[in-house]
Amino acid sequence: GENVEQHPSTLSVQEGDSAVIKCTYSDSASNYFPWYKQELGKRPQLIIDIRSNVGEKKDQRIAVTLNKTAKHFSLHITETQPEDSAVYFCAAPLNYKLSFGAGTTVTVRA
Amino acid sequence: GAGVSQSPSNKVTEKGKDVELRCDPISGHTALYWYRQSLGQGLEFLIYFQGNSAPDKSGLPSDRFSAERTGGSVSTLTIQRTQQEDSAVYLCASSLTGASYTQQFFGPGTRLTVL
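Keeping their order, the protein sequence lines are chains E and D.
The numbering of the first sequence is this note's numbering, which starts it at 984 and goes up by one.
The numbering of the second sequence is this note's numbering, which starts it at 458 and goes up by one.
Encoded structure:
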């Protein structure tokens, strides 16, 4: 089955700096890679996703890159702000369902 | 439109009691998922419903856990003879189709505390 590994488990950055979270997956047939953000006490919400036919996707300060050969994908947050503090989860398909990474707790220091 | 809703938002129960958690998916969504999130942990898949197909129960941790989905809409997760290790947030999600590339929308969760 799919095994999604996510690193780091915690990340502390200075406001304005960039944050990068990396995930690896095992199933070469995986074709969809979403990222969810979960603020404290809230539900996970999709912030960006990427299909396997593209290598990079951007949405304002957030970008995701995909390397299918190496089977890893990354989330990049630029110009971090305090509201970016949250837990971020990556995911990859396992047959018809998603397998989630263990999460990265991002703390943005003012 | 209305998102995924869950009830109750919080549930405190005594060890050994049964509990029922409810999920109302987004109208028209054919796929429904239950996950468990222990304190500071990731999302643990429990069960998946897709249309009229037999559910995927491969993530249920024990036979004390069961779930049903009536009429292809509302779902109920039942935990019998609750144990302290069952304490967690139980999240429900729905998606328009069962395809893995379809966005999953999460509910607010039910925080279960077993004393």
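Even for Gly, the Cβ is constructed at its ideal location relative to N, Cα and C.
Self-check item: Proximal residues, the stretch 525-549 of chain D versus chain E, C-beta separation under 9 Å
Solution: Leu548
Self-check item: Straight-line gap, E/Leu1049 to E/His990 (C-alpha atoms, nearest Å)
Solution: 15 Å
Quiz item: Between the Cα of D/Arg568 and the Cα atoms of D/Ala488, D/Arg493 and D/Val461, which residue gives the shortest distance?
Solution: D/Arg493
Practice problem: Say whether chain E places a C-beta atom closer than 8 Å to the C-beta of D/Leu572. | Solution: no
Quiz item: Do you know offhand how far E/Ser1057's Cα is from E/Gly1038's?
Solution: 11 Å
Quiz prompt | Option in D/Glu501, D/Pro482 and D/Tyr547 with minimal Cα separation from D/Gly508 | solution = D/Pro482
Quiz item: Taking the continuous beta strand (DSSP E) assigned at D/Leu534, which residues delimit it?
Solution: Ser532 to Ile536
Quiz item: Per DSSP, D/Thr470 is paired with what?
Solution: D/Val571
Practice problem: Per DSSP, which residues does E/Pro1076 bridge with? Please list them. | Solution: E/Leu1081
Quiz item: If E/Arg1026 sits next to D/Phe563, beta carbons under 8 Å apart, how far is it from one beta carbon to the other, in whole angstroms?
Solution: 4 Å
Exercise. Leaving out five residues on either side along the sequence, give the residues of the same chain with a beta carbon under 8 Å from the beta carbon of D/Gln541.
Key: Lys472, Val571 and Leu572
Practice problem: Going by DSSP, name the residue or residues bridged to E/Lys1054. | Solution: E/Lys1054 pairs with nothing; no bridge assigned.
Quiz prompt | Start-to-end residues for the beta strand (DSSP E) that takes in E/Ile1030 | solution = Gln1028 to Arg1034
Quiz item: Can you find at least 3 beta carbon pairs, one from the stretch 993-1001 of chain E and one from the stretch 1010-1018 of chain E, that sit closer than 8 Å?
Solution: no
Self-check item: Cutoff 8 Å: D/Ala556 Cβ touching any chain E Cβ
Solution: yes
Quiz item: With 8 Å set as the bound, which would you pick, yes or no: does the beta-carbon of E/Phe1056 sit closer than that to a beta-carbon of chain D?
Solution: no
Exercise. Would you tell me roughly how many angstroms separate the C-alpha atoms of E/Val987 and E/Phe1072, rounded to the nearest one?
Key: 10 Å
Quiz item: Going along the chain, which residues of its own chain have a beta-carbon closer than 6 Å to the beta-carbon of D/Tyr490, five neighbours each way excluded?
Solution: Tyr505 and Ala550
Practice problem: Could you list the residues in the stretch 1026-1045 of chain E with a C-beta less than 8 Å from some C-beta on chain D, going in chain order? | Solution: Arg1026, Pro1027, Gln1028, Leu1029, Asp1032 and Arg1034
Self-check item: Residue closest to D/Ile536, alpha-carbon to alpha-carbon, out of D/Ala524, D/Ser552, D/Ser462 and D/His486
Solution: D/Ala524
Practice problem: Taking only the alpha-carbon atoms, compute the straight-line gap between E/Thr940 and E/Ile1030 and give it to the nearest angstrom. | Solution: Outside the modelled stretch of chain E, which goes from 984 to 1093, sits residue 940 of chain E, for which no answer is possible.
Quiz item: D/Gly566 CB to nearest chain E CB: under 8 Å?
Solution: yes
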